[in-house]
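First the structure, in the form of structure tokens, and then the observations on it.
Numbering (my numbering), first residue to last: 130 to 579.
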């Protein structure tokens, strides 16, 4: 009994140290991202330059994620995170040197964004695969809540801290803070133990292209053969497509009738909602019926979006986004818990990378389709004399921004009704999610099939 308690205490200590180190590192990364965005815009005076930084920060990592997952399952996860952090720190150090020697050009930021995206992909998959190995199964929900709390805290504090630090220590000082945050994360990783799952290859098995492709295919088959996980993958893809659209639309929705100061206030309130949701998930853990929690809070997210789009009013939009952002970390944490609890440790990397690739593409599609849908379809319909000006216009109003509001309302309704439908469909299947043993695969099987 004493030995069991001691082992549990050590697991908890290791995870808390891991979480603290990675939280510091994440805040440092967000500071750099915010600061570099300002630097690029100040040096180009064009949105195009900023868009390219976002593009190179996002897309490369999404595209290589399936291969990253296969490699993470073959490598030691602790050292994968360490070397990824070292590589990312080297990128930051390169930026510092270029700045201090007055050689930094805008195109350098595109290359560094690409490298950071690749490193980030390895970090994200390795951390996601390591988490269920570090805590007990019934604590995975709370652990994911802590991870999303760090993300929410970074989103809330990074812009404020970056603004203060940029005024005092400039961009090079901001990068130095980021570099130091990497070493905090590295130090915490070096002093903890991250358990490894059963290896999937024999020690003499080399990593070849055909074995990597085989590993990726196996991860895909593991999802396809599980009806519940496949439905969840499709559901979360729609969720992230909606998120991608609304992320783009919130800014023009507010600015259509108010100021940038109002937008900042609204987003701060929304970020507080995300922090609150993350803390709630950490304390609660998501309950025992994970699919019920997932669909309930996704439906609540939809309700928040409907409220946000309903009226050109700062308090109403702030309330709607607070509800939406409060629900989001609970939804994401519960989804992560379902996947991490339902998949054997030795294929976590492949399955999680598949999930991240699909939702990453869905998010990008949402970002890209928001503008044409709002500008070319919904906005004209709710201008004076538009197709819906006398019907929907009598309910939510007409004029600039009301078409965007209608699009956000429809996005929220999609999340709400889809959640209700799938909740009913999967109510009896929650207990039938495959256990770890059903997904396990031995080293001999992989070697034999490769």
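No residue lacks a Cβ here, since even glycine has one placed at the ideal position from N, Cα and C.
- Assignment of residue 324 by DSSP, reduced to helix, strand and coil, places it in the coil class.
- Short of 7 Å from the beta carbon of residue 209, and not among the five residues preceding or following it, lie these beta carbons of its own chain, in chain order: 201, 251 and 255.
- Counting of Cβ neighbours within 10 angstroms places residue 353 among the exposed residues, the total staying below 16.
- Straight across, the Cα-Cα distance linking residue 312 with residue 262 is about 23 Å.
- With a cutoff of 8 Å on beta-carbon distance, residue 535 and residue 511 are scored as near each other.
- Around the beta carbon of residue 480, 16 or more other beta carbons lie within 10 angstroms, which makes this residue buried.
- Fully contained in the stretch 384–448 are the following alpha helix (DSSP H) runs of length 4 or more, in chain order: 389–413 and 419–439.
- Within the same chain, 352 come within 6 Å of residue 358 by CB-CB distance, once the 5 residues on both sides are set aside.
- The stretch 276–286 and the stretch 394–406 touch, with no fewer than 3 CB-CB distances between them shorter than 8 Å.
- By the criterion of a C-beta distance shorter than 8 Å, residue 143 is surrounded in its chain by 263, 321, 322 and 323, once the five residues flanking it on both sides are discounted.
- Rounded to whole angstroms, residue 499 and residue 506 show a C-alpha spacing of 10 Å.
- Taking 8 Å as the cut-off, the Cβ atoms of residue 487 and residue 362 count as close.
- Taking the Cα of residue 538 as reference, the smallest distance to any Cα among 265, 524, 299 and 350 is reached at 524.
- Within the stretch 145–200, there are no complete beta strand (DSSP E) runs of at least 3 residues.
- A residue is called buried once 16 or more other Cβ atoms fall within 10 Å of its Cβ, and residue 272 is buried on that count.
- Taking one beta carbon from each stretch, the stretch 455–465 and the stretch 435–444 have fewer than 3 pairs nearer than 8 Å; the two do not touch.
- Three or more Cβ pairs closer than 8 Å define a contact, and the stretch 415–430 meets that threshold against the stretch 538–550.
- When C-beta atoms of the stretch 234–254 are compared with those of the stretch 381–401, fewer than three pairs fall below 8 Å, so the two segments do not count as touching.
- Taking all protein chains shown into account, residue 504 has fewer than 16 neighbouring C-beta atoms within 10 Å of its C-beta and is therefore exposed.
- Under the three-state reduction of DSSP output, residue 511 falls in the coil class, being neither helix nor strand.
- The Cβ-Cβ distance between residue 169 and residue 221 does not fall below 8 Å.
- Apart from the 5 residues on each side of it in sequence, residue 173 sits with its Cβ closer than 7 Å to the Cβ of 235 in its chain, given in chain order.
- Secondary structure note for residue 307: its alpha helix (DSSP H) is the uninterrupted segment 269–319.
- The beta-carbon separation of residue 435 and residue 542, rounded to 6 Å, stays under the 8 Å limit for a contact.
- Annotation: the continuous alpha helix (DSSP H) that includes residue 227 extends over 206–229.
- Its chain contains 420 as the residues whose beta carbon lies nearer than 6 Å to that of residue 555, once the 5 sequence neighbours on both sides are disregarded; these appear in chain order.
- The Cβ-Cβ distance between residue 478 and residue 190 does not fall below 8 Å.
- A residue is called buried once 16 or more other Cβ atoms fall within 10 Å of its Cβ, and residue 326 is buried on that count.
- Secondary structure of residue 376 (DSSP, three-state): helix.
- Going by C-alpha positions, residue 211 is about 14 Å away from residue 258.
- Residues of the same chain with a CB within less than 7 Å of the CB of residue 371, apart from the 5 flanking positions on each side, are 495, 540, 543 and 544 in chain order.
- Counting only unbroken stretches of 3 or more residues, no beta strand (DSSP E) element lies wholly within the stretch 233–258.
- In the structure shown, residue 473 adopts coil according to DSSP, grouped into three states.
- Excluding residues up to 5 positions away in sequence, 510, 511, 512 and 527 lie with their Cβ nearer than 8 Å to the Cβ of residue 518 in the same chain.
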